[in-house]
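Asks: Chains as they are written, first to last, in numbering that gives the first Met the number 0: chain A, 0 to 216; chain B, 0 to 216.
Built from N, CA and C at the ideal position, the CB exists for glycine as well.
Values in this document were obtained by computation on a predicted structure and should not be read as measured data.
Below is one structure. I have some questions about it.
2 protein chains.
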Amino acid sequence: MKLYGFWRSLAAFRVRAALNIKGVPFEETTVDLTKGEQFADSYTSVNPQSVLPALIDGDGPPLFQSMAILEYIDETHPQPPLLPKAPRDRARVRALALIIVADAHPLVIPRIRNYLGKAYDVDERTREDWCRHWIAQACNALEANLASDPRTGKFCHGDMLTLADICLVGHMAGAKLFEVDVKPYPTFNRINDSCMKIEGIAHAHPLNQPGAPKRAA
Amino acid sequence: MKLYGFWRSLAAFRVRAALNIKGVPFEETTVDLTKGEQFADSYTSVNPQSVLPALIDGDGPPLFQSMAILEYIDETHPQPPLLPKAPRDRARVRALALIIVADAHPLVIPRIRNYLGKAYDVDERTREDWCRHWIAQACNALEANLASDPRTGKFCHGDMLTLADICLVGHMAGAKLFEVDVKPYPTFNRINDSCMKIEGIAHAHPLNQPGAPKRAA
C-alpha cells in the first residue's frame with residue numbers, strides 16, 4: 000500500500016499505526032503541510048480535499064478520511080482485530096475514537112489555525128490557546144468515560160487494542176505538541192503508556208518520523 | 000429505544016433518520032440546547048460530554064457519537080443495509096460521511112460559536128460567516144467527489160441509500176439553517192432531493208420536529 004502522510008499529521012499517525020499492527024507493508028510519501036504541499040497538483044490529484052492522509056491499495060482509487068481507512072484496514076486485514084465483536088462494544092470503541100476524530104482533532108488542524116489568524120487577527124499564541132482548549136475538552140470527555148466505565152481495561156475497551164487506542168495515542172501526541180497539561184488525566188496516561196509499549200505504535204509515532212524535531216517523545 | 004435529541008441538532012437528525020429507515024420504534028426526549036439543558040444533571044448523567052445525541056437501547060449504557068450510533072443501528076438491524084458489502088465501497092461511504100461528521104459539523108456547533116464570541120469578541124454575524132465558510136468547504140469537497148466519481152448514482156454511492164446520504168441530508172439542513180448558497184453544488188442538491196423523497200428521512204428532518212420554527216424546509 001501507499002500512504003500519503005506527514006510526521007506531524009495525527010490522522011496519518013493513526014493509519015501508520017494500524018498498518019504496522021496488522022503487519023501490512025507500505026511506502027509513505029511525505030506531503031509537507033508546513034510548505035503547503037497538500038495544495039500542489041501532485042497531491043490534489045490524489046485527494047482534492049487537500050487533507051491527509053490518503054491511502055492507495057493496489058489499483059483502486061485513493062482512500063481518505065482516517066477513520067474510514069482504519070475500518071477498511073480492519074475489514075481487509077482482520078488479524079489482529081481492531082474492533083470487538085458485539086455491536087454495543089463496537090459502538091463504545093467507535094464513540095471513544097470519534098470524541099477525538101470528530102470533536103477535537105478537526106478543530107486544531109492547520110486550516111483552522113490559519114483561518115483564525117486571517118479572519119480574526121488572532122496571534123499565534125492565542126491560536127495555540129484555542130488548540131489547547133479543545134484538546135483538553137476531549138481529554139476531559141475521554142477521562143470521564145474511561146475512568147467510570149467498568150469495560151475499560153489495560154486499553155480503552157478491555158485488554159484488546161482497538162481503534163479507540165490508536166486514536167488515543169494520536170490525541171496524546173497532539174496534547175504534547177501543543178503542551179497541554181495531561182496530568183489531570185490518569186487513565187488517559189495509563190492507556191497511552193500501554194499503547195506506546197507496542198512496537199508498531201511506537202514506530203508510527205510522529206516524533207519517530209522523518210522531518211520531526213529531535214526531542215523526546 | 001430512547002433517543003435524546005433536539006430539533007436543531009443535525010447529529011440527532013442522522014440517528015432519527017436511521018431509526019425511521021430501519022423501522023425501529025423509539026421515543027425522543029428533547030434536550031433544548033438553546034436553554035443549556037445539555038448541561039443539566041438530567042442529561043449529563045446520560046452523556047457526561049453534554050453533546051447530542053445519545054441513544055439508549057434496552058438496559059444497556061447510553062450510546063453516543065452519531066456515527067458510532069449509526070453503525071450500531073446498522074449492525075443490530077441489518078435491513079435495509081446502510082453500508083455496501085465490499086470494503087472499498089464501505090470506505091468510500093464512510094469517508095463521505097466523515098467529511099461532514101468530522102470536518103464540517105464539529106466546527107459549527109453551539110460550543111464553538113460561544114467560544115468564538117467569548118474568547119475573540121466575534122459578533123453573531125461574523126460567527127455565522129465562520130459557520131458558512133466551513134459548511135461551504137465541506138460542500139466543495141462533497142461535490143468534487145460526488146460529481147467526479149463514477150460510483151455516484153441516485154444516492155452518494157450507487158442507487159442504495161447509505162450512511163453517507165443520511166449525513167448529506169443533515170449537511171443540507173445545516174447549510175439552509177445558516178443560509179449557505181448551495182446552488183454551486185448540483186450533485187449535492189440532486190442527492191438531497193432523492194433522499195427527501197424517502198418518508199423516514201423527511202419525517203426526521205429538523206424542521207419537522209417539535210419546537211422547530213414554522214417555515215418551509
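1) Threshold first: 3 residues or longer. Then list the beta strand (DSSP E) segments lying entirely within the region 67-107 of chain A, N to C.
2) Go through the region 143-202 of chain A residue by residue and report every complete run of the alpha helix (DSSP H) that reaches 4 residues or more, in order.
3) Flag this pair as yes or no: are the beta carbons of His76/B and Val121/B separated by less than 7 Å?
4) Which of the three DSSP states is assigned to Lys34/A in this structure?
5) Would the beta-carbon of Ala16/B fall within 7 Å of that of Ala203/B?
6) Helix, strand or coil: which one does DSSP assign to Lys1/B?
7) Is Val179/A close to chain B? Criterion is C-beta to C-beta, closer than 7 Å.
8) Helix, strand or coil for Ala53/B? Go by DSSP, reduced to three states.
9) I'd like to know whether the C-beta of His204/B is nearer than 7 Å to at least one C-beta of chain A.
10) Pull out every residue of the region 181-210 of chain A whose Cβ sits closer than 9 Å to any Cβ of chain B, in chain order.
11) Could you give the distance in angstroms between the alpha-carbon of Asn46/A and the alpha-carbon of Phe177/A?
12) Checking the sheet assignment: what are the DSSP bridge partners for Leu206/B?
13) Drop a sphere of 10 angstroms on the beta-carbon of Asn207/B, count the other beta-carbons inside from all chains shown, and report buried for 16 or more, exposed for fewer.
14) If I measure Cβ to Cβ from Ala146/B and keep anything under 6 Å in the same chain, skipping five residues before and after, which residues do I get?
15) Determine the chain B residues that contact Tyr119/A at a beta-carbon separation under 7 Å, and present them in chain order.
16) Name the chain B residues that come within less than 9 Å of Arg89/A, Cβ to Cβ?
17) Using a Cβ-Cβ cutoff of less than 8 Å, which residues in the same chain neighbour Leu51/A once the five nearest sequence positions on both sides are dropped?
18) At the 7 Å Cβ level, is Arg13/B part of the contact set with chain A, yes or no?
19) Below 8 Å CB to CB, which residues in the same chain sit around Asp158/B once its five sequence neighbours on both sides are set aside?
20) Kindly list, in the order they appear in chain A, the residues whose Cβ is closer than 8 Å to that of Ala16/B.
21) Please go through the same chain and pick out, in chain order, the residues whose beta-carbon is closer than 6 Å to the beta-carbon of Gly210/B, but skip the five residues on each side of it.
22) Spell out whether any CB of chain A is found under 7 Å from the CB atom of Ala94/B.
23) I need the boundaries of the alpha helix (DSSP H) containing Val14/B, first residue and last residue.
24) Does the CB of Gly4/B have a neighbour CB from chain A at under 7 Å?
25) What is the C-beta distance between Pro83/A and Arg89/A, in whole angstroms, given that I count them as a contact (C-beta under 8 Å)?
26) Check the Cβ-Cβ distances between Val100/B and every residue of chain A, and say whether any is below 7 Å.
27) Determine, using beta carbons only, whether Ile99/A and His156/A come nearer to each other than 7 Å.
28) Can the beta-carbon of Ala103/B be found less than 7 Å from the beta-carbon of Ile68/B?
29) Take Thr28/B as the anchor and find which of Ala118/B, Ala94/B, Lys1/B and Ala39/B has the nearest alpha-carbon.
30) Confirm, please, whether the CB-CB distance from Ile190/B to Leu167/B is below 7 Å.
31) Go to Ala118/A, then tell me how far its alpha helix (DSSP H) extends in each direction, as first and last residue.
32) With distances taken Cα to Cα, identify the nearest neighbour of His132/B among Val107/B, Ile111/B, Arg150/B and Tyr114/B.
33) For Glu198/A and Ala96/A, I'd like the C-alpha separation in whole angstroms.
34) Which residues, taken in chain order from the region 31-52 of chain A, show a beta carbon closer than 8 Å to some beta carbon of chain B?
35) Just to confirm the assignment, what range does the alpha helix (DSSP H) spanning Asp219/B have?
Replies: Put simply:
1) As far as the region 67-107 of chain A is concerned, it has no whole beta strand (DSSP E) run of at least 3 residues.
2) 162-176 and 185-195
3) Here residue 76/B is taken as the residue at index 77 of the second sequence, counted from 1. Here residue 121/B is taken as the residue at index 122 of the second sequence, counted from 1. Result no, Cβ atoms of His76/B and Val121/B do not sit closer than 7 Å.
4) Reading the first sequence from its first residue, position 35 is the one you call residue 34/A. The answer is helix: DSSP assigns Lys34/A an H, G or I state.
5) Locating residue 16/B in the second sequence gives position 17, where the first residue counts as 1. Locating residue 203/B in the second sequence gives position 204, where the first residue counts as 1. In this structure, Ala203/B lies closer than 7 Å to Ala16/B by Cβ.
6) Taking the second sequence and counting its residues from 1, one reaches residue 1/B at position 2. Three-state DSSP puts Lys1/B in a strand.
7) Working through the first sequence from its first residue, we reach residue 179/A at position 180. By this cut-off, Val179/A is not an interface position.
8) By one-based count along the second sequence, residue 53/B stands at place 54. Strand.
9) In the second sequence, residue 204/B corresponds to position 205, counting from 1. No, His204/B lies away from the interface with chain A (no Cβ there is under 7 Å from its Cβ).
10) none
11) Walking along the first sequence from the start, residue 46/A turns up at place 47. Walking along the first sequence from the start, residue 177/A turns up at place 178. Each residue's Cα considered, the two are about 27 Å apart.
12) Locating residue 206/B in the second sequence gives position 207, counting from the first residue. Per DSSP, none; premise fails for Leu206/B.
13) Position 208 of the second sequence holds residue 207/B. Exposed is the call here.
14) By one-based count along the second sequence, residue 146/B stands at place 147. Only Thr186 meet the Cβ criterion.
15) Here the question's residue 119/A lines up with position 120 in the first sequence. Those within 7 Å of Tyr119/A in chain B are Tyr119 and Val121.
16) Residue numbering aside, residue 89/A sits at position 90 when the first sequence is read from its first letter. Within chain B, the residues near Arg89/A are Ala67, Glu70, Tyr71 and Glu74.
17) Looking up residue 51/A in the first sequence gives position 52. Within the same chain, Leu51/A has close Cβ partners Tyr3, Gly4, Phe5, Ser8, Ala10, Ala11, Val30, Leu32 and Gln37.
18) On the second sequence, position 14 is the one that residue 13/B refers to. Output row for Arg13/B: interface = no.
19) Taking the first residue of the second sequence as 1, we reach residue 158/B at position 159. Same-chain partners within the cutoff: Gly152.
20) Reading the second sequence from its first residue, position 17 is the one you call residue 16/B. Chain A residues near Ala16/B: none, gap ~17 Å exceeds 8 Å.
21) By 1-based counting over the second sequence, the position of residue 210/B is 211. Cβ within range, chain order: Trp6.
22) Stepping through the second sequence from its first residue, residue 94/B is reached at position 95. Yes, its Cβ sits closer than 7 Å to a Cβ of chain A.
23) Your numbering for residue 14/B matches position 15 in the second sequence. Where Val14/B is concerned, the enclosing alpha helix (DSSP H) stretches over Leu9 to Lys21.
24) Taking the second sequence and counting its residues from 1, the one referred to as residue 4/B is at position 5. Judged by the 7 Å Cβ criterion, Gly4/B is not in contact with chain A.
25) Position 84 of the first sequence, counted from the first residue, corresponds to residue 83/A. Position 90 of the first sequence, counted from the first residue, corresponds to residue 89/A. Between Arg89/A and Pro83/A the Cβ distance is about 6 Å, and since that is below 8 Å, they are a contact.
26) In the second sequence, residue 100/B corresponds to position 101, counting from 1. By this cut-off, Val100/B is an interface position.
27) By 1-based counting over the first sequence, the position of residue 99/A is 100. By 1-based counting over the first sequence, the position of residue 156/A is 157. Not in contact: Ile99/A and His156/A (Cβ atoms no closer than 7 Å).
28) In the second sequence, the residue the question calls residue 103/B occupies position 104. In the second sequence, the residue the question calls residue 68/B occupies position 69. No, they are not a contact pair.
29) Numbered from its first residue, the second sequence carries residue 28/B at position 29. Residue Lys1/B is the option with its Cα nearest to Thr28/B.
30) In the second sequence, residue 167/B corresponds to position 168, counting from 1. In the second sequence, residue 190/B corresponds to position 191, counting from 1. In this structure, Ile190/B lies closer than 7 Å to Leu167/B by Cβ.
31) Residue mapping note: residue 118/A aligns to position 119 of the first sequence, counting from 1. Per DSSP, Ala118/A belongs to the alpha helix (DSSP H) from Pro109 to Tyr119.
32) Position 133 of the second sequence, counting from 1, holds the residue named residue 132/B. The option with the nearest alpha carbon to His132/B is Val107/B.
33) On the first sequence, residue 198/A is found 199 positions in, with the first residue counted as 1. On the first sequence, residue 96/A is found 97 positions in, with the first residue counted as 1. Going from the Cα of Glu198/A to the Cα of Ala96/A covers about 21 Å.
34) Pro47, Gln48 and Val50
35) Residue numbering for chain B in the displayed model covers 0 to 216; residue 219/B lies beyond these limits and cannot be assessed.
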